[in-house]
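Numbering (the working numbering) for the sequence shown: 204 to 642. Glycine included, each C-beta is placed from N, C-alpha and C at the ideal position. Nothing here was measured: the structure is a model prediction, and the numbers come from that model.
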Amino acid sequence: MFLRAGVAALSPLVRSLQPSPVAAMSTGTFVVSQPLNYRGGARVEPADASGTEKAFEPATGRVIATFTCSGEKEVNLAVQNAKAAFKIWSKKSGMERCRILLEAARIIREREDEIATVECINNGKSIFEARLDIDTSWQCLEYYAGLAASMAGEHIQLPGGSFGYTRREPLGVCVGIGAWNYPFQIASWKSAPALACGNAMVFKPSPFTPVSALLLAEIYTEAGVPPGLFNVVQGGAATGQFLCQHHDVAKVSFTGSVPTGMKIMEMSAKGIKPVTLELGGKSPLIIFSDCDMNNAVKGALMANFLTQGQVCTCPWKRKVTQIVQIIPIWPVSAAVCFFWVGRVSSVLSLPWFARKMLLERGPDQTPREGSWILDIQRAHRVVAELQAGTCFINNYNVSPVELPFGGYKKSGEELGGVNANQVSRDRVKIGLGFVETSF
């Protein structure tokens with residue numbers, strides 16, 4: 204995850220690297236003293252506990268928050284609160300929901316520096332990257348606000364003058380479980396389509412990065428959503444289990460590792476809940492002999508070391524994945540060796556006749572893939588054979604909100620219009636005609 208708006212929009216998004224007015228918070232003075240749970244439109248202490256966690260500032264190792272993990276009682280209160288808000292929110296028209304989400308997007312834009320600084324402190328990424336995350340968060344809200352106003356069903360003519368029609372209806376209370384690498388952005392990604400379609404959400408951020416989801420909750424409240432529509436519960440595995448197994452939860456969406464995703468799927472299956480699992484993977488990066496080598500080297504470095512490599516689209520994980528280069532190989536090798544830290548990656552020179560092995564032996568988790576090549580016909584021929592949800596050509600980590608993200612092998616999809624279908628359902632109505640029966 205990173206350049207959600209695409210390279211074409213990168214230049215206006217790039218901000219000056221001068222410290223923002225609130226950047227002084229990152230020097231070791233930032234401390235969270237307010238509760239980190241959010242329920243009913245306000246910060247609250249959890250009604251019960253399942254242990255405590257500490258959140259750190261990665262730059263200094265300093266503890267910035269000690270918080271109580273939500274127990275079963277608190278999770279139930281959050282879900283019931285969201286259920287009550289859902290009854291109000293789901294009755295609003297698409298245009299009404301659209302206006303509120305657009306207002307939330309406007310507030311995020313206005314508070315970008317503040318939110319980005321908090322993200323930088325709690326997550327450890329650079330302020331430059333954090334600002335891009337916030338930019339793509341409000342873009343996500345704007346996109347789904349537009350979908351909220353345009354959602355519609357179908358009218359189908361049936362024999363004998365009868366007809367049927369479908370309605371797009373919300374699911375109910377959805378659960379979002381976030382990861383630590385993009386805390387605010389993931390909360391926006393999961394909540395925007397859910398709320399746009401008329402659902403409510405209970406969100407659990409990673410216990411490593413618990414802070415910024417509260418800012419999003421407050422922004423939604425300020426924008427005008429009913430109290431309780433977006434609640435935040437804090438905690439680790441136990442809290443997540445309470446959420447996945449709650450009988451009033453209609454859908455679970457998770458971003459994180461494959462092993463945790465498998466556990467969430469198992470827990471949700473007991474209640475026959477649909478799940479969306481956006482899981483990390485090992486993505487191949489293919490460099491062809493006819494590429495622009497300077498662009499390929501820069502792209503490979505960005506793809507590998509962006510956000511310290513802590514990105515689900517990262518092409519080189521700690522285990523070996525493959526970069527295919529025919530000749531020459533020295534520019535990429537030199538660049539990688541210069542930044543070599545432990546067993547990060549491997550660079551292999553393979554002839555193109557080995558492509559079948561590359562295509563067929565890809566890892567089980569291949570949500571993304573990147574290729575650097577000038578022969579556009581060859582490029583499209585190759586990506587058509589690759590089993591990857593997203594294929595970047597002469598670029599990497601470009602994921603505009605208008606397009607689906609991921610969605611192959613052991614990774615589910617986010618973003619795009621398809622995600623709206625995952626948080627709503629068709630309800631079929633059939634009218635007119637006479638009953639034909641043997642009775």
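Bridge-paired residues (DSSP) for residue i
i: R584; result: Beta-bridge pairing links R584 to no other residue.
i: L260; result: The amino acid occupying residue 260 in the given sequence is Glu; Leu does not appear at that position. R265, per the DSSP bridge assignment.
i: K454; result: C377
i: Y241; result: R246 and V435
i: T255; result: T271
i: L482; result: G459
Reduced DSSP category for residue i - H, G, I as helix; E, B as strand; rest coil
i: K295; result: coil
i: N597; result: coil
i: V471; result: For clarity, residue 471 is Ser in the given sequence; the question names Val instead. The answer is helix: DSSP assigns S471 an H, G or I state.
i: V234; result: coil
i: F445; result: helix
i: V604; result: coil
i: G592; result: coil
i: L280; result: helix
i: R218; result: With a pLDDT of only 36 at R218, under the threshold of 50, the placement of this residue in the model should not be trusted, and no figure is reported.
i: L577; result: coil
i: F541; result: Low per-residue confidence applies at F541: pLDDT is 33, beneath 50, and the placement is therefore not dependable, though the value from the model is reported in the following sentence. Looking at F541 - three-state DSSP - the assignment turns out to be helix.
i: S641; result: coil
CA nearest to the CA of residue i, picked from the options
i: E306; options: I490, E357, E332 and L344; result: L344
i: I145; options: K257, T424 and E588; result: The structure shown does not extend to residue 145, since the chain is modelled only from 204 to 642, so the question has no answer here.
i: G417; options: F411, N434 and G401; result: According to the sequence shown, residue 417 is Leu rather than Gly. With distances taken between Cα atoms, L417 lies closest to N434.
i: N284; options: T271, A252, E248 and G243; result: G243
i: A308; options: A420, N600, G502 and C494; result: A420
i: S340; options: E322, G356 and G327; result: E322
i: D451; options: A287, L577, E372 and G401; result: A287
i: Q580; options: Y347, G356 and I596; result: I596
i: C447; options: G438, K476 and R300; result: K476
i: A258; options: Y241, A440, N325 and M505; result: N325
i: A382; options: S602, V461, A503 and V585; result: V461
i: Q590; options: K612, H583, M298 and N598; result: K612
i: D493; options: L577, T369 and K501; result: L577
i: G459; options: V266, E317 and F411; result: F411
i: N507; options: F491, D495, P487 and N497; result: P487
i: S394; options: Q342, A441 and A355; result: Q342
i: Y241; options: G438, R300 and L504; result: G438
i: S329; options: A355, P261, P373 and S391; result: P261
i: A403; options: T255, A281, H583 and V604; result: A281
i: A472; options: N498, Q444, I490 and F491; result: Q444
i: N598; options: K501, V604, E617 and R584; result: K501
i: E605; options: W392, T442, L335 and I490; result: W392
i: S253; options: H583, A440 and G474; result: A440
i: A319; options: R584, R334, D338 and E313; result: R334
i: A354; options: F331, E299, D251 and I337; result: The question names Ala, yet the displayed sequence has Met at residue 354. If we check each option's Cα against that of M354, E299 comes out closest.
The ligand HEM heavy atom lying under 7 Å from the CB of residue i
i: T232; result: Absence of the ligand HEM is noted for the structure shown, with no ligands found whatsoever.
Interface flag, residue i vs chain D, CB-CB below 8 Å
i: I389; result: Checking the listed chains, one finds no chain D in this structure; it contains a single protein chain.
Sequence ranges, alpha helix (DSSP H) only - wholly within the segment 297–367, length at least 4: 297–313, 315–326 and 330–353
Unbroken stretches of the beta strand (DSSP E), 3 residues or longer, contained in the segment 372–440: 376–380, 403–407 and 433–435
Using 8 Å as the Cβ pair cut-off and three pairs as the minimum, do the segment 422–432 and the segment 283–292 touch? yes
If contact is defined by three or more beta carbon pairs under 8 Å, each pair taking one atom from either stretch, is the segment 453–461 in contact with the segment 361–378? yes
For the segment 267–277 and the segment 237–256, state whether three or more C-beta atom pairs, one from each stretch, are separated by less than 8 Å. yes
Contact between the segment 481–495 and the segment 460–467 is defined here as three or more beta-carbon pairs at a separation below 8 Å; is this criterion met? yes
Just checking, does the segment 342–362 make contact with the segment 386–401 on the three C-beta pairs under 8 Å criterion? yes
Given 8 Å as the limit, is there contact between the segment 266–273 and the segment 230–238, that is, 3 or more CB pairs closer than that? yes
If contact is defined by three or more beta carbon pairs under 8 Å, each pair taking one atom from either stretch, is the segment 384–393 in contact with the segment 354–364? no
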